[in-house]
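Quick notes on the structure that follows.
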Amino acid sequence: MTDVPRKNFLIRLISGFWRFLDRGWHAALNIIFLFILIALVSSIFSKKETVIPKGAALIINPQGFIVEQKDFVDPIDKALQEATGNTRPTQTELRDILDALENAAEDSRINGVIINTSNMTGGGMSKLQAIGEAIQEFKKSGKPVLARSTFYGQSQYYLASFADEISMDPMGAVILEGFGRFRTYFKSFLDLVGVKYHIFKVGTFKSAVEPYLYDGMSDNAKEANLLWLGVLWDAYKNDVANARGLSNGDIESYVVNYPETIKTAKGDNAQVALDAKLVSELKDDIEYLAAMVEKFGANKEEDSYKQVNMKAYLKAIRPPIEISGSKANKVALITAKGSILDGEQPEGNIGGRSLAKLIKKARLDDDVRAVVLRVDSPGGSAFASEIIRREILALKAAGKKVVVSMGTYAASGGYWISADADQIWARPTTITGSIGIFGMFPTIEQPLNKFGIHRDGVGTTPLSGAFSIASPLKPEVGEVIQQIINHGYDNFLNIVANGRNMTVEDVDKIAQGRVWSGLDAKRLGLVDELGSLQDAIESAASMADLGESYELIRIRKELTPDQKLMKQLLEKSQVQSLIKTQLLSHNNLFTKLTSKLSVELKRLSNFNDPQGIYVDCLCTLEQ
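Per our numbering, the very first residue in the sequence shown carries number 17; after that it's consecutive.
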């Protein structure tokens, strides 16, 4: 008889608690939603515009990694992430930097450029070189280019080296390391825990799977890696030395002798950089601010110098929505950035279906006469790569020229989707090739057996249960997989041979999964020309007989109407501010509610009196 009241009591107790919690949480969410709604409505009627003061300095301040295309983040998620400080690694699109520099050169309101790399994480050499060339082009306007940071890492210093003057804090440093490729190897660990990775590959140099096979880098991989790493390092030294009026040897010596030089300078990093002529001056923030006020004039508030950051500048010079012109002759630019995955993928990765749709859109547009595919990908799914390649072939069959411009990477699957282009452009520092294929299949029967877990059974065919990771891989199944991998490699060789007008035998000699620099790829016939994205665009227009009378349009995955609206609204600074304010103001409420949930559920779980009799008021004082 005591069970009934016990159950009724617990049910009423838990139900009452959850009603309280649910009502409190919904009230908090309703309050937050109300403030967001008010902020959105107010933003619609707000017409605050960016004011660029006459004589201002344009601050080129890349945030995070410099990329061809930002990873897609839902606008609402992005706003909430920024408001709460829980953001993904930041990114800056290469195009934004190039557009800002190009426009600023002719903008009478801009008196100079300051390169601030304090919040820049890095970028591939091909992207850094494109920015360096844009800085050199800007300098032809006669306006000064200055660089300022507390600390310069290798990528940051590359950009700074193109400045007329490089300023650094007296507590700063210039750290150059050269280029390297280091990986973590798992063979002994896998052996220890008993996990077997069954590797199927073709290509002597296909080193992607080596961490599962060895405890260190193979000699073949070291040989191949050192070759293309050397090309990148030579390009870095050459570009920086030319920009600073130094020699390649000066840069090499700075890196190689850095430990001894620092010892001689008694640990003064900044003085070492100054003595090596890598920086022009050492100034603290107060001194630097005074110098910039003298150079560009004081701002309206008289607390700094006249300036505009890149994000605000781009917002001021670009139309809210890109509108295609009326020219019938168009060159379409499509970006293929990230890992190649099957199906539909957001920007930041390449979806086989989603990228194919963009290419198809260009094919069906009668005004598009040529397409430039900007590839910045280390590869991925062979099937997804083939879906994309088929659409490229359809594009060519429609009579439209296809030119590939390779970014930092266009390797493996990135090369698969490039091979059939009418023309391939790369930077000398592009990482390409890696024409090889592999498959991996892990089994965990050994660790399971150690814990007394065994798998057994019967099947109607030899293949029944053959792909269970809890059972050893049957030799005949492994042979099947290897044959499939061999076929995939042969297919890859034929694709490259047909696309590049080579024999399969000649392709095989330079394939085998080996990675090449763009410089060597040009020599080997894997690419046609060395140059920039703009070079590729101009070449595409020329191949389509458009001359200079064409319009460049960008075809990219479009946001839904709802996403576009939310993106425009949530980009308003006052919206971000209000959301952040309200989230922070209700953070304590949210924390208390979740904390209360945790405490109460723990207490309820301890309600195990055999007779269901409790002496607890459930009225803990909230602190």
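The beta carbon of each residue, even a glycine, is placed where N, CA and C say it ideally should be.
Query - Residue span of the beta strand (DSSP E) that contains N8, given as start and end - result: Because the chain here runs from 17 to 639, residue 8 falls outside it and cannot be looked at.
**Report entry** Spatial distance of L549 from G430 (CA atoms)
**Finding:** So the two alpha carbons sit approximately 16 Å from each other.
Report task. Check whether the Cβ atoms of G452 and G529 lie closer than 7 Å to each other. Result -> A contact, by the Cβ cut-off of 7 Å.
Query raised in the report: Do S157 and A121 come within 7 Å of each other at the CB atom, strictly closer than that value?
Result: Against a cut-off of 7 Å, the Cβ pair of S157 and A121 comes out as a contact.
Requested in this report: Tell whether a beta-carbon distance below 7 Å holds between S142 and T446.
Outcome: The Cβ atoms of S142 and T446 lie closer than 7 Å to each other.
Query raised in the report: When the distance is taken between beta carbons, is P227 closer than 7 Å to F202?
Result: For F202 and P227, yes; Cβs fall inside 7 Å.
Requested in this report: Measure from the alpha carbon of G433 to the alpha carbon of each residue in P458, G515, M308, G364, then state which is nearest.
Outcome: The sequence shown places Ile at residue 433, rather than the Gly named in the question. Just measuring C-alpha positions, the residue of P458, G515, M308, G364 sitting nearest I433 is G515.
Requested in this report: Determine the extent of the alpha helix (DSSP H) in which M326 is found, giving its start and end residues.
Outcome: Taken as a continuous stretch (DSSP letters only), the alpha helix (DSSP H) holding M326 covers 326-333.
Query raised in the report: CB E567 to CB K353, shorter than 7 Å?
Result: No, Cβ-Cβ distance for E567 and K353 is not below 7 Å.
Requested in this report: Use the C-beta contact count for K316: other C-beta atoms within 10 angstroms, 16 or more gives buried, fewer gives exposed.
Outcome: Per the 10 Å Cβ criterion, exposed.
Report task. Would you please state the rounded distance, in angstroms, between the beta carbons of F454 and K222? I believe it to be under 8 Å. Result -> Right, the Cβ-Cβ distance comes to about 6 Å (below 8 Å), so this counts as a contact.
**Report entry** Residue of D87, A442, I151, I82 minimising C-alpha distance to E118
**Finding:** Nearest to E118 by alpha-carbon distance, out of D87, A442, I151, I82, is I151.
Query raised in the report: Can you check whether the CB of A552 is closer than 7 Å to the CB of V388?
Result: Between V388 and A552, the C-beta gap is smaller than 7 Å, which places the two residues in contact.
Query raised in the report: Does the distance from the C-beta atom of G194 to that of W244 stay below 7 Å?
Result: No. Outside cutoff.
Query raised in the report: So is K417 buried or exposed if we call it buried at 16+ other beta carbons inside 10 Å?
Result: Classification for K417: buried.
Query raised in the report: Can you tell which of V247, K293, G196, G283 has its C-alpha closest to the C-alpha of L262?
Result: Distances from the alpha-carbon of L262 to those of V247, K293, G196, G283 put K293 closest.
Query raised in the report: Taking the C-alpha atoms as reference points, what is the distance between F399 and T166?
Result: One Cα belongs to F399, the other to T166, and the distance between them is close to 47 Å.
Requested in this report: Provide the residue span of the alpha helix (DSSP H) that contains V520, from first to last.
Outcome: V520 -> alpha helix (DSSP H) spans 520-526.
Query - Nearest neighbour of G423, chosen from F205, D235, P69, I82 [CA to CA] - result: Out of F205, D235, P69, I82, the CA that lies nearest to the CA of G423 is found in I82.
Report task. Please go through the segment 366-452 and give each complete alpha helix (DSSP H) segment of 4 or more residues, from N-terminal end onward. Result -> Within the segment 366-452, complete alpha helix (DSSP H) segments of at least 4 residues are found at 368-380, 398-413, 429-432, given in chain order.
Query raised in the report: Whose C-beta lies closer than 8 Å to the C-beta of R405 among residues of the same chain, with five residues either side of it excluded?
Result: For R405, where only same-chain residues beyond five positions count, the Cβ hits under 8 Å are W432, I433, A435, D436, I511.
Query raised in the report: Looking at the unbroken alpha helix (DSSP H) that takes in H503, where does it start and where does it end?
Result: The continuous alpha helix (DSSP H) containing H503 extends over residues 491-516.
Requested in this report: Compute the distance between the beta-carbons of K377 and I571, then report whether it is under 7 Å.
Outcome: If you check the CB distance, K377 and I571 come in under 7 Å.
Report task. Spell out the partners DSSP gives W532 in its beta bridges. Result -> Within the DSSP secondary-structure output, W532 pairs in a beta bridge with T448.
Query raised in the report: In this structure, what does DSSP give as the bridge partners for I356?
Result: Looking at the DSSP output, I356 shares a beta bridge with I366, G396.
Requested in this report: Return the chain-ordered ranges of every alpha helix (DSSP H) run that is complete within the segment 146-208 and spans a minimum of 4 residues.
Outcome: Here the runs fully enclosed are 170-176.
Report task. Count the other CB atoms, across all protein chains shown, that sit within 10 Å of the CB of R379; report buried if there are 16 or more and exposed otherwise. Result -> R379 counts as buried, since no fewer than 16 other beta carbons sit within 10 angstroms of its beta carbon.
Query - The beta strand (DSSP E) enclosing Q107, as first and last residue numbers - result: Q107 -> beta strand (DSSP E) spans 107-109.
**Report entry** CB contact check: K282 to chain D, cutoff 7 Å
**Finding:** As a matter of chain content, chain D is missing from the structure shown, which is built from one protein chain.
Query - Nearest-angstrom Cα separation, counted from S393 out to S171 - result: Approximately 20 Å, taken between the alpha carbons.
Query raised in the report: Terminal residues of the continuous alpha helix (DSSP H) containing G265?
Result: First-last of the alpha helix (DSSP H) with G265: 264-272.
Report task. Could you name the residues of the same chain whose beta carbon sits closer than 8 Å to that of R199, not counting the 5 residues immediately before and after it, in chain order? Result -> Same-chain partners within the cutoff: E226, P227, M233.
Report task. Answer with buried or exposed for E363, where buried requires no fewer than 16 other C-beta atoms within 10 angstroms of its C-beta. Result -> The C-beta of E363 has 16 or more other C-beta atoms within 10 Å across all chains shown, which makes the residue buried.
Requested in this report: Below 8 Å on the Cβ atoms is my guess for A414 versus V531; work out the distance and round it to an integer in Å.
Outcome: Their Cβ separation, rounded to whole angstroms, is 33 Å, which puts A414 and V531 out of contact at 8 Å.
Requested in this report: Classify V295 as helix, strand or coil using the three-state DSSP reduction.
Outcome: Here V295 sits in coil by DSSP.
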